[in-house]
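Chemist:
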Amino acid sequence: MNTKDYIYLDEDLLNSHLAQFEKGLLIKETSEHGLENSDSTNGEITANAGMNGIFGIGLQLQNKVSEGDSSTESEFTKNIVENVLNDYAVDLLMQDCADNGVLHSFNSASEGDFISYESIFQIYDFEYLKSIIDFECLKPILDADTPPQNPGPQASKGEKAKYKLALDAHRAKNRNAEATLKTLYNFSSFADRLLADSILVKVNGGLAICKRNKLRLNKAQVSFENESSRKIKIFGVISTVKKETHPSGNFVPFNPNQLDQVSSILFDITLSNFNMLHDNDKIIKPIAIYFEAD
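In the numbering used here, the protein residues as written are 1 to 294.
1) Compute the Euclidean distance between the alpha carbons of L93 and Y124, then round it to the nearest angstrom.
2) Pop quiz: Y8 and C137 are said to be a contact at Cβ under 8 Å. What is the actual Cβ separation, rounded to whole angstroms?
3) Within the continuous beta strand (DSSP E) that includes G158, where are the two ends?
4) Going straight from the alpha carbon of D99 to that of K231, what length do you get?
5) Is the distance from the Cβ of Y185 to the Cβ of F121 below 8 Å?
6) The beta strand (DSSP E) spanning Q122 covers which residue range?
7) Using the Cα positions of R171 and I289, report the straight-line distance between them to the nearest angstrom.
8) In three-state DSSP terms, what is K285?
9) With a cut-off of 8 Å on the beta carbons, I'd call K202 and M276 a contact; round off their distance for me.
10) With F224 as the anchor, note down where its alpha helix (DSSP H) starts and where it stops.
11) Assuming the contact rule is C-beta atoms closer than 8 Å, T240 and H278 should be a hit. Round their C-beta distance to whole Å, please.
12) Once the 5 residues before and after G236 are set aside, which same chain residues still bring their CB inside 6 Å of it?
13) Measuring alpha carbon to alpha carbon, tell me which of V262, L207 and N273 ends up nearest K282.
14) Around the C-beta of D145, are 16 or more other C-beta atoms found within 10 angstroms, so that it is buried, or is it exposed?
15) Between which residues of its own chain and N86 is the CB-CB distance below 7 Å, once the five residues before and five after are set aside?
16) May I have a chain-ordered list of the beta strand (DSSP E) segments no shorter than 3 residues that lie completely inside the region 85 to 160?
17) Report the residue from E118, P140, G205 and Y6 whose alpha carbon sits nearest the alpha carbon of E178.
18) The beta strand (DSSP E) that contains L207, what's its start and end?
19) For the ligand NAP, is there a heavy atom less than 7 Å away from the beta-carbon of E118?
20) Does F274 pass the burial test, meaning 16 or more other C-beta atoms within 10 Å, or should it be called exposed?
21) Which residues in the same chain as L271 place their Cβ atom closer than 7 Å to its Cβ, once the five residues preceding and following it in sequence are excluded?
22) Could you check whether K242 and N204 sit closer than 8 Å to each other, using their CB atoms as the reference points?
23) With 16 other CB atoms within 10 Å as the buried threshold, where does K214 fall?
24) What's the C-alpha gap between D168 and I133?
25) Please identify the residue among Y128, T180, I234 and G152 whose C-alpha is closest to the C-alpha of F305.
26) When you compare the CB positions of K4 and Y117, do they come within less than 8 Å of one another, or not?
27) Quick one: Cα of K162 to Cα of S156, how far?
28) Between N2, Y88, D96 and Y6, which lies nearest to S20 when the distance is taken from Cα to Cα?
29) Let me check understanding here. Comparing Cα to Cα, which of Q149, S16 and F291 lies closest to S229?
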């Protein structure tokens, strides 16, 4: 059996598509009894969650939680129940797509098609990048790079000349580092504003636009995933196909009635200039992103 290590799951998209295949879907029924406040010392919660009418299978998860000193335990348990249901629902939706002939290979997929695609990947979180390359915060690290030692007034001309060359090289390296940091900061600040509450997952031939609040990892964990040698799997819908990119910024004359395309144009120029978007790349609206293990 293959298990899935989820890093992203959009429950709204998942349940919307699944409900359409199943002609309506009951995801969760919750009944609560007893007191729910920080001073509660007893009470009981029963959470009934299920999916009915899917391949004739009814899945029921029931959990009774006796309240201790707070409602934290019950909230935690309800979250677990919902996660279990959502994880299972991904498999059900993928099976529905396959059975109904709407699950396509990535290479042949067109706009609006469901795809399940495995690829090497890169994750871009510009909000996080902006926060960790603030120049004032990193300046102590740059200053920690010890300059060459002055040989003193008694040094020979050769030693003094060597020192001057080393000092010039040291200063040039620091200037270059500062300029690079400022460029990265300015770019990440603009990209963060352009992409709003999104992170990007770049795969071969495509780019997934992900909602930040649907990630199952925190920012540091997402950053370390970029070092993984595993391939990532994306289950989602092709939103559009980027026929042509403009890394040089050269567009045909812009008309006033094209204001709706301004953000897309800026998106195009910004990402293609940094080799993150290419001609014929497919823009993916992901439902689930995960690693699969045997």
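Where a beta carbon is used, it is the ideal one built from N, C-alpha and C, also for glycine.
Owing to the predicted nature of the structure, the values given are computational and were not obtained by experimental measurement.
Modeler: Concretely, from the data shown:
1) 27 Å
2) About 29 Å separates the two Cβ atoms, so there is no contact after all.
3) Premise fails: G158 lies in the alpha helix (DSSP H), K157 to L195, not in any beta strand (DSSP E).
4) 25 Å
5) no
6) F121 to Y124
7) 45 Å
8) strand
9) 6 Å
10) K219 to E225
11) No, T240 and H278 are not in contact; Cβ-Cβ is about 14 Å, not under 8 Å.
12) I284, K285, P286 and I287
13) L207
14) exposed
15) L9, E11 and L14
16) 114 to 119 and 121 to 124
17) P140
18) G206 to K211
19) Questions concerning the ligand NAP fall outside what the structure shown contains, since it holds no ligand whatsoever.
20) exposed
21) L277
22) no
23) buried
24) 25 Å
25) With the chain covering 1 to 294 only, the question about residue 305 has no answer from this structure.
26) no
27) 10 Å
28) Note that residue 20 is Gln in the sequence shown, not Ser. The candidate whose alpha carbon is nearest that of Q20 is D96.
29) F291
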